[in-house]
Amino acid sequence: MSRAFNGTRRACLSLLATAALVSPLAAHAQLQEITYLLPAPGTLPSFGPWMLAQAKGYYEQEGLKVNFVTARGGVDVAKQIGAGNAVIGGAIGDTPIIARAQGIPVKAVAVLGAGSLTQLVSHKDEKIESPRELKGKTVTVLAYTDTTYYALLGMLSKVGLTKNDVNIQAAGPAGVWQQFAAKKASAMAGVPDWTVNAMDAGAQVDILPADIYFKSMAQAILASDETIAKNPQLIQKLVRATLKGMRDIMADPKAATVAYVAHVPTHKGKEASIQKTFELFNKYVYVGQKVPGLMDEARLGELQKFYVTNGVVPKETPLKELYTNQFVTGK
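Each residue of the sequence shown is one higher than the last, beginning at 3 in this note's numbering.
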């Protein structure tokens with residue numbers, strides 16, 4: 003009796019030991035692999051919410067293994083998703099306006115913040131308090147096809163200026179802040195990452211949110227019409243996990259920095275800069291949404307009118323074709 007019990011006990015312990023060894027692998031094998039396209043390298047602090055969602059296991063909790071792949075900007079992300087090369091991707095909230103005009107069937111399924119990703123950053127000693135004071139001055143942007151450029155044009159239009167009144171330089175992802183920091187430009191249309199880069203290089207800056215003059219958008223999550231229709235559960239999981247990453251930054255940027263740098267070790271030793279970047283995102287971009295991820299339809303409509311007026315797109319698309327809030331208001 004005792005020998006039988008001991009034999010059974012040993013067999014159970016053996017099975018438990020085997021299960022302990024196998025279960026992490028088995029669990030990993032059960033994860034659904036997803037390619038998530040980003041418009042720029044995922045190591046940029048702008049993608050903090052995504053990296054935190056990965057670092058903290060939020061995607062895994064949804065049964066997903068997310069592989070981030072870098073595309074060539076937001077419109078390229080939209081094209082790849084529209085072509086079925088990926089089910090999900092990152093861009094800006096207004097990217098579907100441009101994509102739909104090109105016949106690309108994508109929608110924004112979440113927007114990461116009620117603010118604009120772009121701010122007008124100027125040198126403190128230039129005392130630029132309005133875009134009006136940029137007349138005749140040099141301003142850097144990433145590219146002439148980038149959202150920072152359109153946001154700058156929008157800000158200028160609100161004070162009666164055009165691109166011809168300002169020397170706008172497309173300086174690339176490094177030059178945009180380096181030229182500004184070196185005082186080769188009076189201002190830049192920049193994102194928090196570049197602002198902190200310029201500050202770290204010694205620039206004393208004033209920050210004017212684009213929203214005051216022109217309500218451009220924050221980063222967004224894009225998905226194709228087909229995936230939204232055929233696999234809404236997958237989109238729901240990806241949106242839910244990513245928004246958890248954003249909420250972590252909003253709740254405690256210092257703790258978020260520690261987790262982020264552990265996951266993205268290229269930033270080791272730059273914790274103070276990362277935290278400063280997250281704090282700028284909290285102040286200017288993430289803040290103000292009644293529901294995290296919610297698209298503001300009126301804001302999107304105004305943006306589209308500007309894009310049509312300025313010849314960026316030939317005509318307006320019905321707003322309901324540009325976004326859906328079903329994944330941020332759902333459970």
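Ideal Cβ placement from N, Cα and C applies to all residues, glycine included.
| Check | Outcome |
| --- | --- |
| Spatial distance of A29 from Y61 (CA atoms) | At A29, the pLDDT of 47 sits below 50, so the modelled position is not reliable; the number obtained from the coordinates is stated separately. Rounded to the nearest angstrom, the two C-alpha atoms are 13 Å apart. |
| Alpha carbon of G95 to alpha carbon of Q221, nearest angstrom | 6 Å |
| Selection from D195, A173, V193, V198 that minimises the alpha carbon distance to K186 | A173 |
| Y335 and V77 closer than 7 Å at C-beta | The chain is shown from 3 up to 333; residue 335 falls before or after that span and cannot be answered. |
| Cβ-based burial, A183 [other Cβ within 10 Å; buried from 16] | buried |
| Close Cβ partners of L27 (< 8 Å) along its chain, the five nearest in sequence each way excluded | In this predicted model, L27 has a pLDDT of only 42, less than 50, meaning its place in the structure is not dependable; the value taken from the coordinates is given anyway. There are no such residues. |
| CB-CB length for I83 against A225, believed under 8 Å | 7 Å |
| V24 burial status per 10 Å Cβ neighbour count (16 or more: buried) | With a pLDDT of 39 at V24, under the threshold of 50, the modelled position of that residue is not reliable, and the figure given next carries that caveat. The residue is exposed, with fewer than 16 neighbouring Cβ atoms inside 10 Å. |
| Coarse secondary structure for C14, derived from DSSP in three states | Low local confidence applies: a pLDDT of 41 at C14 is under 50, so the model's placement there is unreliable, with the coordinate-based value given in what follows. Correct three-state label for C14: helix. |
| When E228, T150, A300 are compared against L122, the one with the closest alpha-carbon | T150 |
| Continuous beta strand (DSSP E) assignments of at least 3 residues falling wholly in the region 163–246 | 169–172, 189–192, 207–211, 221–226 |
| 7 Å Cβ cutoff met for D413 and L54 | With the chain covering 3 to 333 only, the question about residue 413 has no answer from this structure. |
| Start and end residues, alpha helix (DSSP H) containing Y262 | 255–265 |
| Distance, Q32 Cα to A212 Cα | 44 Å |
| Within-7 Å CB hit, V310 to chain B | In summary, chain B is missing from the structure at hand, where a single protein chain is found. |
| Closer than 6 Å: K67 CB and nearest the ligand ADP heavy atom | You won't find the ligand ADP in this model; it holds no ligand whatsoever. |
| Inter-residue Cα distance where the pair is L158 and L136 | 9 Å |
| Inter-residue spacing [alpha-carbon to alpha-carbon] between F329 and G91 | 15 Å |
| Euclidean distance between Cα positions of V315 and A103 | 6 Å |
| S132, buried or exposed, once every other Cβ within 10 Å from all chains shown has been counted against 16 | exposed |
| C-alpha gap between A88 and K126, whole angstroms | 43 Å |
| Beta-carbon contacts of P294 that lie in its chain and below 7 Å, excluding the five residues immediately before and after | L245, M248, R249, V330 |
| D148 versus T142: straight-line alpha-carbon distance, rounded | 12 Å |
| Rounded straight-line distance, which links the Cα of Y325 to that of K109 | 5 Å |
| Buried or exposed by the 16-neighbour rule on C-beta atoms within 10 Å, applied to V289 | exposed |
| Spatial distance of D202 from S275 (CA atoms) | 8 Å |
| Opposing strand residues paired with H125 [DSSP bridges] | V207 |
| When A145, K307, A264, Q235 are compared against Q34, the one with the closest alpha-carbon | Q235 |
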